[in-house]
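I have placed the structure first, in the form of structure tokens, so that the comments after it can refer back to it.
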Amino acid sequence: MEGLMQDYELSLQHVLWRIERLHQKREVVTKRDEGIHRTTYGEMVPRINRLAGALKRMGVKPGDRVATLAWNNNRHLELYYAVPCMGAVLHTLNLRLFPQHLEFIINDAEDKVLFVDQSLLPLLKPLVGKIPSIKTVVLMGDGAPAQMAKSDNGLADMLDYEKLLAAETESYPWPKLSERMAAAMCYTSGTTGNPKGVVYSHRSQFIHTMGVLQGDNLGLTENDALLPVVPMFHANSWGLPYAAGMAGTKIVFPGRFSADAKSIVELAEQEEVTFLAGVPTVWIGLANYMKENGKRLPKVRTVVCGGSAVPQALMEAMDNLGLRILHAWGMTETSPLGSVARVAAGTKPEAEMRLRLTQGRVAPGVEIRISDPASGEELAWDGVAFGEIQVRGPWIARGYHNGYDADKLTEDGWFRTGDVAKISPDGYIQIVDRTKDVIKSGGEWISSVELENAVMAHPKILEAAVIGLPHPKWDERPVVYAVPRPEFKGQVTQDELIDFLRDKVAKWWLPDEVRFIDEVPKTSVGKFDKKVLRASAVPITAEVTEEVRK
Ligand code: ADP
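So in our numbering, spot 410 of the sequence shown is number 412, and the numbers just go up one at a time.
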């Protein structure tokens with residue numbers, strides 16, 4: 003017997019329908035160079051329709067890739083709606099990538115049109131002549147419409163965003179879409195290798211949006227004001243733009259000021275922001291700034307933090323400022339929401355911090371297992387055994403664009419994440435490391451993440467990254483790269499740090515060396531870039547003493 007429910011195609015057109023019918027008055031605020039730009043969902047809808055008309059006039063067909071090179075701003079949001087809803091595929095480019103990576107990605111995706119913020123135009127210079135699939139470049143100027151002719155840029159026809167919109171009508175006949183059509187593409191940020199294209203479908207985006215909104219997940223509501231520091235090019239901005247549209251949440255975009263703690267705090271204050279989202283390095287900077295300047299953000303109820311593990315020192319520093327971090331785990335390939343560390347009411351305070359620091363429990367809609375790297379067998383959820391996280395569900399990738407890394411899917415259809423974790427009997431995931439970062443010492447594993455967190459708990463340390471360096475006897479040994487807090491520069495020693503770690507980690511985990519640096523190199527999305535550290539690392543000088551292993 004078949005169910006008698008409608009075959010309603012799950013598509014992002016539904017989110018567009020909601021912002022048009024239900025959320026017209028909700029504000030969309032952007033910090034721009036010349037000041038604050040203020041609009042509403044209601045005012046945006048005719049512009050989205052015009053934009054779709056312009057795309058059609060440019061010859062964009064269903065399935066064509068439309069790239070964006072843009073900050074978090076209102077025009078980028080317009081593109082988030084117009085491109086997928088007219089049947090094309092939104093491809094958000096990471097503006098912090100090296101030119102050769104951008105070139106690779108644009109060619110791999112075969113983008114046809116490129117929308118670029120004026121301030122990012124210089125990024126295109128090195129690509130001239132190297133991205134032949136791009137037929138049209140649309141400039142999103144901050145001031146007067148840009149007057150650029152083809153000859154000025156050598157790339158393609160250069161059109162002005164506002165002029166294009168002005169030439170179209172305020173309505174657009176949205177086509178009927180199939181839910182399995184591609185809606186968006188996002189490349190992995192390449193923390194551990196070459197970027198690979200993840201292709202989201204309308205269906206996956208729709209279901210992911212519903213998932214993000216659940217109270218036990220991120221739980222965004224129409225009473226919130228969201229400030230996504232996480233870029234709109236990083237894993238879909240964690241699905242927050244569509245979740246905000248679905249719920250009717252006010253959005254406050256930081257524009258190109260996302261790396262500036264002072265701007266974020268001011269914007270959050272002025273716009274009465276309740277909900278922040280970003281990677282740990284953003285909050286390390288923000289907590290430091292707020293502490294130094296005696297700032298508080300009493301309206302903020304949630305700070306979603308993911309992308310890498312949240313150090314305990316950061317969680318506590320934010321707690322002390324009245325900012326509650328909600329720790330989430332995911333990756334580009336998981337749309338990205340995978341798990342969230344919510345803690346049930348009534349949990350004892352001493353257990354609460356421990357649970358908040360885990361990557362939490364898997365999101366409803368996703369299934370998870372951990373698998374032994376050698377045998378491939380599923381491991382028990384006993385809080386001890388650790389293996390690779392594998393996931394499956396309606397918003398989990400089943401492959402990459404152009405078929406790269408076909409073995410990322412197990413034979414029985416689970417996605418191999420490359421993250422190593424243990425899971426407690428009640429389902430809390432504790433990521434031990436990435437398979438590529440874990441330090442293999444004497445046949446055993448040392449978690450670089452746990453060591454980093456232990457080092458960052460030292461009051462004189464601001465940031466620390468740990469890598470494994472080759473060692474003749476033990477295969478690899480841990481080396482710490484630590485950044486002292488500005489006021490303690492030159493006043494913290496290797497011995498002091500190693501002593502500090504003695505009662506926190508196993509003896510054989512103690513690092514062989516601590517190297518002090520001014521800043522930990524960051525990836526294009528603000529994670530510690532261990533690839534860079536490894537590439538430039540001088541070999542371990544101190545012999546590992548037998549004492550360390552005893
Ligand atoms: P990239 O793989 O290039 O860094 P992503 O942004 O998709 O691109 O990163 C996903 C990865 O980030 C995960 O596989 C995991 O290793 C790491 N990660 C994300 N969230 C967390 C978290 N809360 N704790 C620990 N690691 C995390």
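In this text, a Cβ means the ideal position worked out from N, Cα and C, and glycines have one as well.
How many whole angstroms separate the CB atoms of residue i and residue j, which I take to be in contact at a CB cut-off of 8 Å?
| i | j | result |
| --- | --- | --- |
| Ala56 | Leu167 | 6 Å |
| Val31 | Met46 | Going by Cβ atoms, the distance from Val31 to Met46 rounds to 12 Å, so no, they are not a contact pair. |
| Val342 | Ala365 | 6 Å |
| Pro541 | Pro472 | 7 Å |
| Val201 | Met187 | 5 Å |
| His204 | Glu181 | 5 Å |
| Phe277 | Arg298 | At roughly 16 Å, the Cβ-Cβ gap does not stay under 8 Å, so Phe277 and Arg298 are not in contact. |
| Leu334 | Thr525 | Going by the sequence as given, residue 334 is Thr instead of Leu. Contact doesn't hold; Cβ gap of about 13 Å is too wide. |
| Glu274 | Lys301 | 5 Å |
| Val115 | Lys137 | 7 Å |
| Val527 | Pro134 | About 28 Å; that fails the 8 Å criterion. |
What residues in its chain sit with their C-beta under 6 Å from that of residue i, if we drop five residues either side in the sequence?
| i | result |
| --- | --- |
| Lys152 | Per-residue confidence for Lys152 stands at a pLDDT of 47, beneath the threshold of 50, marking its modelled position as unreliable; the derived number appears in the next sentence. Only Asp159 meet the Cβ criterion. |
| Ile50 | Glu80, Tyr83, Ala84 |
| Gly429 | Arg363 |
| Lys252 | Arg28, Glu29, Ala227 |
| Arg77 | Met142 |
| His403 | Gly199, Val201 |
| Ser310 | Pro282, Lys529 |
| Ala54 | Ala84, Met88, Tyr174 |
| Ile108 | Ile133 |
| Arg551 | With a pLDDT of 46 at Arg551, under the threshold of 50, the modelled position of this residue cannot be trusted, and the question is left open. |
Measuring alpha carbon to alpha carbon, tell me which residue in the options is nearest residue i.
| i | options | result |
| --- | --- | --- |
| Gly89 | Val275, His329, Met183, Leu535 | Met183 |
| Lys424 | Asp407, Leu453, Leu381, Phe417 | Leu381 |
| Tyr291 | Glu274, Leu12, Leu323, Val534 | Leu323 |
| Phe255 | Arg34, Ala315, Val481, Gly247 | Arg34 |
| His460 | Asp435, Ala279, Val494, Ile448 | Val494 |
| Val457 | Glu318, Ser265, Gln314 | Gln314 |
| Ala508 | Glu454, Ile448, Glu515 | Ile448 |
| Val305 | Ile286, Lys293, Gly296, Asn295 | Ile286 |
| Gly296 | Phe277, Gly401, Val267, Val62 | Val267 |
| Leu92 | Arg98, Arg67, Phe100 | Arg67 |
| Gln26 | Pro488, Ala399, Asp421, Thr42 | Thr42 |
| Pro230 | Ala279, Val434, Lys63, Glu273 | Ala279 |
| Glu22 | Glu318, Gly44, Met355 | Gly44 |
| Arg326 | Gly348, Glu354, Ser310 | Glu354 |
| Gly65 | Lys491, Glu515, Ala185 | Ala185 |
| Pro48 | Glu36, Leu18, Trp73, Gly37 | Leu18 |
| Arg40 | Gln272, Glu224, Leu97, Ala263 | Gln272 |
| Leu359 | Lys350, Ser377, Thr223, Ala330 | Ala330 |
| Leu328 | Gly348, Lys350, Arg356, Glu352 | Arg356 |
Note down, in chain order, each residue of its chain lying with its Cβ closer than 8 Å to the Cβ of residue i, except the 5 sequence neighbours on either side.
| i | result |
| --- | --- |
| Gly332 | Ala237, Trp240, Gly308, Pro338, Leu339, Gly340, Ser341 |
| Gln392 | Ile370, Arg371, Ile372, Ser373, Thr412, Trp416, Phe417, Arg418, Thr419 |
| Arg20 | Gly247, Met248, Gly250 |
| Glu515 | Val481, Val482, Gln496, Ile542, Thr543, Ala544 |
| Ser265 | Lys33, Pro256, Phe259 |
Is any beta-carbon of chain D found at less than 9 Å from that of residue i?
| i | result |
| --- | --- |
| Thr336 | Here chain D cannot be found, since the structure has a single protein chain. |
For residue i versus residue j, is the C-beta spacing smaller than 9 Å?
| i | j | result |
| --- | --- | --- |
| Tyr244 | Val214 | yes |
| Tyr374 | Gly389 | According to the sequence as given, residue 374 is Asp; it is not Tyr. For Asp374 and Gly389, yes; Cβs fall inside 9 Å. |
| Gly250 | Asn75 | no |
| Leu71 | Asp110 | no |
| Leu220 | Leu242 | yes |
| Leu95 | Phe235 | yes |
| Met248 | Ala289 | no |
| Pro513 | Val481 | yes |
| Asp113 | Gly143 | no |
| Leu122 | Pro101 | no |
| Val422 | Arg400 | no |
| Arg487 | Leu464 | yes |
| Gln432 | Gly367 | no |
| Ala69 | Phe106 | no |
| Trp511 | Leu503 | yes |
| Leu97 | Trp73 | yes |
| Leu316 | Pro197 | no |
By Cβ distance, which residues of its chain are closer than 7 Å to residue i, with the 5 residues on each side in sequence left out?
| i | result |
| --- | --- |
| Gln584 | This structure cannot settle anything about residue 584, because the visible part of the chain is limited to 3 through 552. |
| Leu535 | Ala467, Ile469, Tyr483, Pro523 |
| Asp477 | Lys442, Ser443, Gly444 |
| Asp439 | Ser450, Lys532 |
| Ser206 | Ser337, Pro396, Trp397 |
| Met60 | Val115, Thr138 |
Problem - Secondary structure, alpha helix (DSSP H): runs of 4+ residues fully inside the segment 391-474 - result: 450-458
Practice task
Would you mind listing the alpha helix (DSSP H) stretches within the segment 173-235 that are 4+ residues and don't spill past its ends, in chain order?
Solution key: 204-215
Exercise for the section: Ignoring anything shorter than 4 residues or poking outside the segment 44-92, list the alpha helix (DSSP H) runs there in chain order. Expected result: Taking 4 residues as the minimum length, the alpha helix (DSSP H) runs contained wholly in the segment 44-92 are 76-87, in order along the chain.
Problem - Completely contained beta strand (DSSP E) runs for the segment 282-344, where each covers 3 or more residues - result: 304-307, 327-332, 339-342
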